[in-house]
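The structure appears below as structure tokens.
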Amino acid sequence: RIKFSTIFNNTNFKRIKFSTIFNDTNFKRNIIKKINKYIDFKRYSFTKIYKLLNFNKFKNVLFYFIGFIFLASFVYLNIPAFYKYENSNIETKVCYELNVKCKIRGKIKYSFFPSPRLNLNNFIIQDFIEEDKELIQAKQVSIKISLYNLFNKEKIKYNNINLKSAIINLNLKNFEAYRSFFKKKFSTKPIYLSKGEINFFEGKKYISNIKNVNIKHTQDKHTFKSIIKGTFLGDKIFISLKNNKEKDYFL
-16 RIKFSTIFNN TNFKRIKFST IFNDTNFKRN IIKKINKYID FKRYSFTKIY KLLNFNKFKN
44 VLFYFIGFIF LASFVYLNIP AFYKYENSNI ETKVCYELNV KCKIRGKIKY SFFPSPRLNL
104 NNFIIQDFIE EDKELIQAKQ VSIKISLYNL FNKEKIKYNN INLKSAIINL NLKNFEAYRS
164 FFKKKFSTKP IYLSKGEINF FEGKKYISNI KNVNIKHTQD KHTFKSIIKG TFLGDKIFIS
224 LKNNKEKDYF L
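According to this note's numbering, the sequence shown is numbered sequentially starting from -16.
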């Protein structure tokens, strides 16, 4: 019996130069001849294979696929444009989100660029302490809506509210009531205000104001954060407020 282990043990592989063997032209020729013996490459027409694949057709399929996705997205995003928006219905939904009383005195339009949103004109939020007075007057409002459920008007959800060129009237006599309301009852939706103005009153007496106001207000179940930028008495101001709803203090 032949023991291969004995053969391998008695063979000195270090003395064998495999690189010399593979570089030998005769060795290469023998390998090529054996391959050609079993595979006749002349029988295969690679031009026919290329024609069968027809890469131009694949390019057209890709083009049509991308076009279909673009068209479907365009149609889907424009579905809310065909809805009829009644001021009273939007007032109810938006005011419910903010937990305030409000009015829309202008028109409501839908736009999908740069993101799906409802654009409102002349938006009013009533003072929640003195309800016969207006707390916020905004010339333009953008309400960004979720991309989901655009097929169903009743299930459209609002993500955040952006007030533009808004005027806020605060009565300093009601400061504690304002703070309590913002702490416990105000909207959990993000609210942004740009190029606005805050007027301070003490009763009916005008005190001062903050111009060129930009506000970013966000909150969750436990805290709310507000960042206020503007110009007060000619100086630029930056106010950052953070309130823990479970504790009675501001940071």
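Just so it is clear, CB atoms sit at the ideal spot from N, CA and C, and this is done for glycine as well. Remember, predicted model here, so these are calculated numbers, not experimental data.
Three or more C-beta pairs below 8 Å linking the stretch 171 to 187 and the stretch 128 to 148 = yes
Rounded to whole angstroms, how far is the Cβ of residue 149 from the Cβ of residue 120, which I believe are closer than 8 Å?
-> 7 Å
Can you give me the start and stop residues for the beta strand (DSSP E) that residue 125 sits inside?
-> Judged by DSSP secondary structure, residue 125 falls within the beta strand (DSSP E) whose first and last residues are 117 to 128.
Kindly indicate the opening and closing residues of the beta strand (DSSP E) around residue 131.
-> It is not in any beta strand (DSSP E) - residue 131 carries neither H nor E in the DSSP assignment.
Answer with yes or no whether the minimum CB distance from residue 74 to chain D is below 9 Å.
-> The displayed structure is made up of one protein chain only, and chain D is not part of it.
Residues bridged to residue 182 (per DSSP) | Beta-bridge pairing links residue 182 to 152, 192.
Where does residue 54 fall in DSSP's three states?
-> Looking at residue 54 - three-state DSSP - the assignment turns out to be helix.
Around the C-beta of residue 255, are 16 or more other C-beta atoms found within 10 angstroms, so that it is buried, or is it exposed?
-> Here the chain covers residues -16 to 234 and nothing more, so residue 255 does not appear.
What does a CB cutoff of less than 6 Å around residue 104 pick up in its chain, not counting 5 residues either side in sequence?
-> Excluding sequence neighbours, residue 104 sits near 89, 90.
By DSSP, does residue 141 sit in helix, in strand, or in coil?
-> DSSP places residue 141 in strand when its eight states are reduced to three.
Give me whichever residues DSSP pairs with residue 85 in a beta bridge.
-> 108
Beta strand (DSSP E) containing residue 92: first to last residue?
-> 91 to 94
As assigned by DSSP and simplified to three states, the class of residue 4 | Because residue 4 carries a pLDDT of 48, less than 50, the predicted location of this residue cannot be relied on, and the following value inherits that uncertainty. In this structure, residue 4 counts as helix in the three-state DSSP scheme.
Cβ neighbours of residue 211 in the same chain (closer than 6 Å, five flanking residues each side left out) = 198, 222
Backbone secondary structure at residue 163 - three-state DSSP | helix
Check whether the Cβ atoms of residue 99 and residue 56 lie closer than 9 Å to each other.
-> With contacts defined as CB atoms closer than 9 Å, residue 99 and residue 56 fail to qualify as a contacting pair.
Buried or exposed (CB count within 10 angstroms, at least 16 for buried), residue 200 = Residue 200 counts as buried, since no fewer than 16 other beta carbons sit within 10 angstroms of its beta carbon.
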